[in-house]
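Everything on this sheet refers to the single structure shown next.
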Amino acid sequence: MTPLPSDRPQKLSLGPLEREILEIVWALGCVSVKAVHDRILSDPDRELAYTSVTTVLQRLTKKGWLTCHKQKRAFYWQAKLTKEQAQALTAYEQLNKFLAVSDPDLVASFADRLDTASLEQIDAIAARLRAIRQQREESE
Numbered sequence: 002m003t004p005l006p007s008d009r010p011q012k013l014s015l016g017p018l019e020r021e022i023l024e025i026v027w028a029l030g031c032v033s034v035k036a037v038h039d040r041i042l043s044d045p046d047r048e049l050a051y052t053s054v055t056t057v058l059q060r061l062t063k064k065g066w067l068t069c070h071k072q073k074r075a076f077y078w079q080a081k082l083t084k085e086q087a088q089a090l091t092a093y094e095q096l097n098k099f100l101a102v103s104d105p106d107l108v109a110s111f112a113d114r115l116d117t118a119s120l121e122q123i124d125a126i127a128a129r130l131r132a133i134r135q136q137r138e139e140s141e
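Each residue of the sequence shown is one higher than the one before, counting from 2 in the numbering used here.
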C-alpha cells in the first residue's frame with residue numbers, strides 16, 4: 002500500500018501538457034529540458050517549442066510537483082513524488098470531495114448501485130483498514 006506523501010504539491014490540478022511532461026519525468030528520472038523536448042518530438046506528429054517545455058517544467062516546480070537543480074550550465078528536474086504517491090494522493094482528494102457532500106442518502110445510493118466487483122474491492126479495503134487499525138492499536 003502506497004502511503005500518502007507528507008510533502009504534497011501546492012496545486013494538484015494539472016493540464017494535459019503538464020501531465021504528459023510529468024509522466025516523462027517519472028519515466029526518465031532526472032531530466033533536462035532537452036531530454037523532455039526530445040521525448041515529445043520523438044512523435045513525428047508533434048510540434049512543441051523548447052521554451053514551452055521549459056515553461057511547463059518551471060510551472061510544475063512552482064506547483065510543487067518537481068524539484069530543480071543546476072549542474073554546471075544546465076538545469077535538471079526530478080519528481081518530488083513517485084507516480085504511485087501521486088495516484089494515492091489524487092484518490093484521497095477525490096474521495097474526500099465525494100464524502101464532503103455530507104448527504105448520507107447520496108452516499109448510500111451510490112454504494113447501493115455498485116457492481117459485485119466493486120463490492121469485493123470495498124470488502125478488501127475494509128479488511129485492510131481493520132488490519133492497519135489493529136496494528137496501530139497493538140503498537141500503542
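Backbone N, C-alpha and C fix where the C-beta goes; we use that ideal spot for every residue, glycine too.
task = Identify the continuous beta strand (DSSP E) that holds glutamine 11 and give its terminal residues.
result = Working through the sequence shown from its first residue, we reach residue 11 at position 10. Where glutamine 11 is concerned, there is no enclosing beta strand (DSSP E), given that its DSSP letter is neither H nor E.
inquiry  = At the level of alpha carbons, what is the spacing between serine 29 and glutamate 121?
reply    = By one-based count along the sequence shown, residue 29 stands at place 28. By one-based count along the sequence shown, residue 121 stands at place 120. It is leucine, not serine, that sits at residue 29 in the sequence shown. Spanning the two alpha carbons is a distance of roughly 36 Å.
query = For isoleucine 126, does the count of other Cβ atoms within 10 angstroms reach 16, so buried, or fall short, so exposed?
reply = Counting from one through the sequence shown, the residue named residue 126 turns up at place 125. With fewer than 16 other Cβ atoms within 10 Å, it is exposed.
key: Where leucine 57 sits in the DSSP three-state scheme   = The residue you call residue 57 lines up with position 56 of the sequence shown. The amino acid at residue 57 is misidentified as leucine; the sequence shows valine. DSSP places valine 57 in helix when its eight states are reduced to three.
message = Need the endpoints of the beta strand (DSSP E) that leucine 5 sits in, please.
response = As a position in the sequence shown, residue 5 is number 4, starting the count at 1. Where leucine 5 is concerned, there is no enclosing beta strand (DSSP E), given that its DSSP letter is neither H nor E.
request  = Pick helix, strand or coil for lysine 84, following the three-state DSSP scheme.
outcome  = As a first step, residue 84 must be located in the sequence shown, where it is residue number 83. Here lysine 84 sits in helix by DSSP.
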